[in-house]
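Take a look at the structure below.
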Amino acid sequence: MSEPLSTDFIHEIVTEDLAAGKCPDGVVTRFPPEPNGYLHLGHAKAICVDFGVATDFGGRCRLRFDDTNPTRENQDYVDAIERDVRWLGFEPDAPVRFTSDYFEQLFQWALALVDRGRAYVCELSAEDLRLHRGSLSEPGRDSPWRDRSADENRRLLLAMRAGDFPEGSRTLRAKIDMAAPNLHLRDPVMYRILRASHHRTGDAWSVYPSYDWAHGQSDAIEGVTHSLCTLEFEDHRALYDWFLTALDIERRPRQIEFARFNLSHSVMSKRKLKRVVEEGLVRGWDDPRLPTLAGLRRRGCPPEAIVSFCEGLGVTRRESMVELARLDHAVRERLNLTAPRALAVLDPLKVVIDNVPEGEVRWFETAVNPEDPAAGMRRLPFSREIYIDRADFMLEPPPKYHRLSPGTEVRLRSAYILRCDHVETDPSTGAVTLLHGSIDPDSSGGQPADGRKIKGTIHWLSAAHALPAEVRLYEPLFTAADPEATDDADLLAAVNPESLTVIERAWVEPNLADAAPGERFQFERVGYFAVDPDSGADGLVFNRIVGLRDSWSKAVARG
RNA sequence: UGGGGGAUCGUCUAACGGUAGGACAGCUGACUCUGGAUCAGUAGGUCGGGGUUCGAAUCCCUGUCCCCCAGCCA
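Start counting at 1 in the first sequence, then tack on 3, and there's your number in the numbering used here.
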C-alpha cells in the first residue's frame, strides 16, 4: 500500500468510498465469467482490473462463475477458465464461487418480491413479450398478467419451480415500469423455465435466474463492495440498484463500468472467435494465432507479459483500438530478460570451411543470456561444415550490407571470423547452392587477433551437430486492422492467407535436445520461440512468439 | 427516433481553471560479437463554433461524429 496507487477513475471512486467508511470489511471485487467459452485478452484485462483494484487496496477478489444458463454452460469451461486465471498469476480468494450456489437464496428473495407485489408471473410468449416491450422510441404495454394477486403469483412461481409448466410458458417478471425510457426497466424477466440439466445443480431446478436478477444479489451475498464490469452493462445499473433497493439490502455493492478494448488485426467477440474456429480457419481454440489465453499460452506468450500489457492499457470509459505492436512490445520486454538464447537456422545454406579439418570438432562457450549473467554459459560445437541462413549471404550485396558476400568477412557468433572464398550455384537457376570459405584461425571465440573491426555477426550451426526441428511462423490472423468491424459475410475474406508458415525442416542447436513444451528461447537475430506441445518422438516443434525488431529489413523496405 | 455513454499526438493514456506530459509505433544518431538490447535526440495532438475568465483540454452554450440498449444470453 506504500506504492502510489493508479490514478484511474475506479481507484478514485474506491478511495472515496473507503474514506466515506463504506467498506468496513475492506474492498471486495469479483471476476464473474460465464463458463460458456474460453477466456481471451479482453478477459485478461478484466481480470487485471478486478484483481488489481482489490490488491491495491489490500482487499480480496473472488472468482465467481456466472452459471445461470445451463443450456450453454459446462464444467469443461469452468476448468479451463480457472486454469487460465491461475496461469495469469492470480490467486482467487478461496473458495471459487458459483452463482448456482445461491439459487435457493435467490428464489427465496424472489418470493419476497412477489409477496411485496414487486414481481409477477407472466404468461406472455417470448414473441408477445417482445411485442409488449415497445421500442426505442415507444413505451411498452403492460402484460395482461401484471396485476395478479400476490397469493396467485406465489402459487404460480412455486409451481414453476416444481416443474408444473412447459419450458418457455411462463416467466417471473419484476414489476417496474413498462414506459421506462431505459428498456431494462420494462418489467425485466427474473426467472425463465428451462428444462436443462445444470452442470452443478443437475435437475434440481426447472427455473433459472436471469443475469440481471442473479448478478447484483450474488454480489450482495458475497459482500462484494465494487462490482466492476464493462460498458455495455451501464444501462443495467439502474436495474442492479432497483433490485438491491426492493430487497432492502443494506450492504450495497456498487457497479462501476469501464471500457473494453479491441486489438488491431484480431477479433475478440465471442461470436467471431467461434466463427474462425468452427470454419477451420485456425486449428482450434488454442491456435497460437488467436487472442485466447489458451492460444497465447500455446504460442509461448509469458503470462507476465500479458499482465504488463493489460496494465499498460489503463482504465477508462473510452473505446479503443490497441495496436498489436503493444502486445509484441510487452512480450519482447519480458522475454529479452528471461529467455535463454539459442542458435537456429531457419533457411539453411551450407558452408564448407576449407581450412578446418574434416572430423574435427571445436567447442565454444557463450552466454545463455547476455542480459542475465546468472543464467550461466552454454557450449556450442563447431566443425568443417556449417549452416548459415540464406538471408545472411548475398552474391551482390547492397550498400551497408554487413553480412556475407563473395570475398568479404563476417563473424560467426561466438566462434570465428569467416571469409567467403567461393560460391557454387545451380547452373540452370543461378541459385546459390553451397559456399566455400575459410576461418581466421586467430579469431577464436569471435575476436580477431589484430583487432580489425568486423561489422556483421551471423548465426550458424555445425551441420553434423544441428538438430532438425519444425518451426511455425505466425503473422496476424487478419490483414484488416479492424476485422471486428467487418460483416460476418466478409470475415473470411479478411483473413490473412499467410498467417501461418510452416518450416518443416529448420535446424536448432544441440543444447535444445531436451527442451520441454512451453519452454521459451530467443533464436538469436531471429525472434522468440516456444516449444509446441506437438513436439515428441518425431522431433521438436517451435512456435514463433514474436520476431526480434529488425531495423535492417525496415531499411531495405524503405529502399 | 427514447435512454445511457464517449471524443486529447498514428495508437493507448495523463493533465481535475495555471508551461498539453508519458508510453507504443515512426524517424536521427551513439554503442554493440544478436542490424537485438541499451542510450540520446526528433517529429506529432485537445472534434467544430461561440461564450465565461488575466488564463480553458478542463466551466457554460451549441453543433458534429462514434459506441451501447428493443434475448426467456451474459
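Glycine included, each C-beta is placed from N, C-alpha and C at the ideal position. For clarity, every value in this text was computed on a predicted model and none was experimentally measured.
For residue i, three-class secondary structure by DSSP
i	result
Leu91	coil
Ile13	helix
Lys557	helix
Met163	helix
Glu336	helix
Val81	helix
Gln111	helix
Leu197	coil
Asp485	coil
Arg455	coil
Ala519	coil
Phe106	helix
Asp392	strand
Leu551	coil
Leu480	coil
Glu141	coil
Val359	coil
Thr460	strand
Leu346	coil
Arg149	coil
Val117	helix
Arg75	coil
Leu21	helix
Asn514	helix
Host beta strand (DSSP E) of residue i (start-end)
i	result
Tyr531	Gly530 to Val534
Glu368	Arg365 to Ala370
Asp424	Ile420 to Thr428
Arg382	Met380 to Phe385
Leu437	Val435 to Asp443
Leu398	Neither: Leu398 is in no beta strand (DSSP E) and is coded neither H nor E.
Tyr41	Premise fails: Tyr41 is in no beta strand (DSSP E) and is neither H nor E.
Trp463	Trp463 to Ser465
Arg33	Val31 to Phe34
Phe68	Arg63 to Phe68
Ala177	Thr174 to Ala177
Ala122	Ala122 to Cys125
Glu412	Glu412 to Leu415
Extent of the continuous alpha helix (DSSP H) run through residue i
i	result
Lys48	Leu44 to Asp59
Trp216	Tyr214 to Glu225
Leu503	Where Leu503 is concerned, there is no enclosing alpha helix (DSSP H), although the beta strand (DSSP E) it sits in stretches over Leu503 to Val511.
Ala129	Ala129 to His135
Ala492	Asp491 to Leu494
C-alpha gap between residue i and residue j, whole angstroms
i	j	result
Asn72	Arg198	11 Å
Val310	Arg337	11 Å
Asn3	Leu340	There is no way to answer for residue 3, as the model of the chain reaches only from 4 to 562.
Thr460	Arg344	15 Å
Asp104	Ala518	43 Å
Ile356	Gly440	5 Å
Val559	Asp395	14 Å
Asp118	Asp154	7 Å
Phe532	Phe68	34 Å
Ile506	Gly448	30 Å
Ser272	Glu487	8 Å
Met193	Asp82	28 Å
Lys458	Cys423	15 Å
Arg406	Glu412	8 Å
Thr489	Ala497	8 Å
Val435	Leu352	8 Å
Phe110	Phe312	41 Å
Pro294	Gly205	33 Å
Asp251	Val56	27 Å
Tyr419	Pro479	37 Å
Thr10	Thr174	44 Å
Arg195	Leu247	20 Å
query = Touching or not, the stretch 208-221 and the stretch 157-174, by the rule of three or more beta carbon pairs under 8 Å?
reply = yes
task = Counting only runs of 4+ residues fully inside the stretch 231-313, write out the alpha helix (DSSP H) ranges in chain order.
result = 240-249, 273-281 and 296-302
inquiry  = Within 8 Å, do at least three Cβ pairs link the stretch 450-469 to the stretch 507-516?
reply    = yes
key: Three or more C-beta pairs below 8 Å linking the stretch 236-245 and the stretch 128-139   = no
ask   = Any chance the stretch 87-97 sits against the stretch 297-311, with 3 or more Cβ pairs inside 8 Å?
value = yes
query = How do the stretch 251-264 and the stretch 215-226 stand: do at least 3 beta-carbon pairs fall below 8 Å, yes or no?
reply = yes
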